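Residue numbers (the UniProt record's numbering): 333 to 732. Each remark here refers to the structure printed beneath this line.
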Ligand code: FAD
Ligand code: UDP
């Protein structure tokens, strides 16, 4: 990871300069101001710079690029994800082709175990899970399907995250794997969350123990930060880190703003705060080669305060005689990481979205700005679509 360490240092150097980068003679006039150097901001900045020859200033209040996907070598030299495990998976060839301009890939199929009743069993629930948990010998998909069908409770209209699971596997498995984990992760019962949240996790009757079923399951070979560094490495892109855009917006002239932070904050919380769920990450170096059998172990037990432990070497393929892990403690306070999908929050978001629609000189993109529980690939897709709209608008105004 020598190259990566160099690039991270490079990014830090820009950081150290802080707002002085502007004062030191960078331009004051840009075609675009992009707020946020995560997937949403970096993809759109790259497209505007390379396809429109636009001059773009990217500002992030954190001291690094890559947003929540940021990875870095820790004090032991193990590559860790600062904001928890980020596993890339997508069904879109277009999104893989796009990102492949900036990275090579490492094939990686994600597997997760859940620690329940004193054993570590596969999650998503599959035939092996049932056999291990209940001491069964289900041998075929049909047998597993029949077993689950006998436990499943019919739900007339599947609306909530409780309904999804109960209707598929019944109450006991719901309580064992989902209720405690979800209450910890979101601070509310699954019955208070949209069905989309737990519907992310399938139920299987075969023995496929992969977490995702996507066509592409790959990790950027040298990490996310290196990929972002290449994406942002364009002569038309200036980068300003450790800077809140509000501290510099008056100093520069920008034709258009792309905003990828929390939408309620952009509008000064005019209609009140939109709830975002946060996490506290506890990173640890462990003096042994391996800590756990797979990259992620989930802890649904309500008495355990964290939701999961990640061991990065499984994800990155790095060899090292020590290993690094992260505990995730959910929290209401802290950086916004997750929009909380439930009807009243969606209603509040819609009010902010109406303000956004009435603000044509600002484009809102990304997980926080559009209040959508999106994975990385979905944010890339959303950013590419936003670029196409800006492109169409430019053509309509005859600005080519
Ligand atoms: P972000 O990455 O949040 O970027 C927004 C940026 O805007 C931030 O860097 C922020 O500092 C900056 N910003 C905000 N306000 C301001 C301001 N006022 N001034 C300047 N800058 C500002 N997705 C997957 O596909 N697979 C996974 O395994 C996965 N795991 C995840 C695990 C966790 C714990 C979390 C939290 C998310 C995970 N995701 C995963 C989702 C993924 O992180 C997001 O889809 C993606 O990073 C969103 O990109 P974004 O650019 O929209 O937002
Ligand atoms: N979930 C759960 N138990 C698990 C795994 C997931 O209850 O063992 C629920 C929980 O509500 C979680 C949601 O399913 O927030 C989505 O899980 P995922 O692993 O996709 O969450 P993320 O990686 O986005 O945090």
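Every residue, glycine too, gets a C-beta built ideally from N, C-alpha and C. Note that the structure is predicted; figures quoted are calculated from it, not measured.
Consider the C-beta atom of residue i and the heavy atoms of ligand 2; say whether any pair is separated by less than 6 Å.
i           : result
residue 513 : yes
residue 423 : no
residue 664 : no
residue 455 : yes
residue 510 : yes
residue 530 : yes
Put residue i into one of helix, strand or coil per three-state DSSP.
i           : result
residue 523 : helix
residue 677 : helix
residue 474 : helix
residue 511 : helix
residue 605 : coil
residue 383 : helix
residue 491 : coil
residue 577 : helix
residue 651 : coil
residue 466 : helix
residue 498 : helix
residue 613 : strand
residue 635 : coil
residue 451 : strand
residue 356 : Reliability fails at residue 356, whose pLDDT of 40 lies under 50, so the model's placement of it is uncertain and no value is given.
residue 485 : coil
residue 624 : coil
residue 479 : helix
residue 730 : coil
Using 6 Å as the cut-off, classify the Cβ of residue i as near or not near the heavy atoms of ligand 1, replying yes or no.
i           : result
residue 592 : yes
residue 707 : yes
residue 519 : no
residue 367 : yes
residue 418 : yes
residue 699 : yes
residue 394 : yes
residue 544 : no
residue 669 : yes
residue 577 : yes
residue 400 : yes
residue 711 : yes
residue 555 : no
residue 391 : yes
Using DSSP's beta-bridge definition, name the partner residues of residue i.
i           : result
residue 362 : 586
residue 517 : In the DSSP output, where bridge partners are listed per residue, residue 517 has none listed.
residue 591 : 367 and 696
residue 722 : In DSSP, residue 722 forms no bridge with anything.
residue 640 : 630 and 660
residue 618 : 655
residue 505 : The partner list for residue 505 (beta bridge, DSSP) is empty, contrary to what the question assumes.
residue 572 : 391
Counting only C-beta atoms, is residue i closer than 7 Å to chain B at any point?
i           : result
residue 694 : The displayed structure is made up of one protein chain only, and chain B is not part of it.
Taking contact to mean at least 3 C-beta pairs separated by less than 8 Å, is the segment 548-565 in contact with the segment 499-519?
No, because fewer than three Cβ pairs between the segment 548-565 and the segment 499-519 fall closer than 8 Å, the two stretches do not touch.
Report task. Could I get the ranges of all uninterrupted beta strand (DSSP E) runs contained in the segment 519-569, with 3 residues as the minimum, in chain order? Result -> Unbroken beta strand (DSSP E) runs of no fewer than 3 residues, entirely contained in the segment 519-569, are found at 548-552, following chain order.
*Inspect the CB distances between the segment 641-651 and the segment 663-683 and report whether three or more fall short of 8 Å.*
Between the segment 641-651 and the segment 663-683, the count of Cβ pairs shorter than 8 Å is below three; the stretches do not touch.
Which full runs of the alpha helix (DSSP H) of 4+ residues lie inside the segment 659-704, going along the chain? Whole alpha helix (DSSP H) segments, 4+ residues: 675-689.
Query raised in the report: Which runs of the alpha helix (DSSP H) fall wholly inside the segment 370-449 and span at least 4 residues, in chain order?
Result: Fully contained in the segment 370-449 are the following alpha helix (DSSP H) runs of length 4 or more, in chain order: 371-383 and 425-431.
Does the segment 444-463 come close enough to the segment 574-585 that 3 or more CB-CB pairs lie under 8 Å? Because the criterion of three Cβ pairs below 8 Å is not met, the segment 574-585 and the segment 444-463 do not touch.
Query - Segment contact flag, the segment 686-695 with the segment 581-590, C-beta cutoff 8 Å, min 3 pairs - result: Because the criterion of three Cβ pairs below 8 Å is met, the segment 686-695 and the segment 581-590 touch.
Q) Do the segment 696-710 and the segment 620-632 touch if we need at least three Cβ pairs shorter than 8 Å? A) Flag = no, the segment 696-710 and the segment 620-632 do not touch.
Can you confirm whether the segment 669-677 touches the segment 625-637 when touching is taken to mean that 3 or more C-beta pairs between the two stretches lie within less than 8 Å? In short, these stretches do not touch, since the Cβ pair count stays below three.
Problem - Given 8 Å, three or more beta-carbon pairs between the segment 401-409 and the segment 554-572 - result: Flag = yes, the segment 401-409 and the segment 554-572 touch.
Assess, as a yes-or-no matter, whether the segment 410-430 is touched by the segment 649-662 under the definition of 3 or more beta carbon pairs within less than 8 Å.
With contact defined as three or more Cβ pairs closer than 8 Å, the segment 649-662 and the segment 410-430 are in contact.
Counting Cβ pairs closer than 8 Å, one from the segment 364-382 and one from the segment 715-731, do we hit at least three?
With the cut-off at 8 Å, the segment 364-382 and the segment 715-731 touch.
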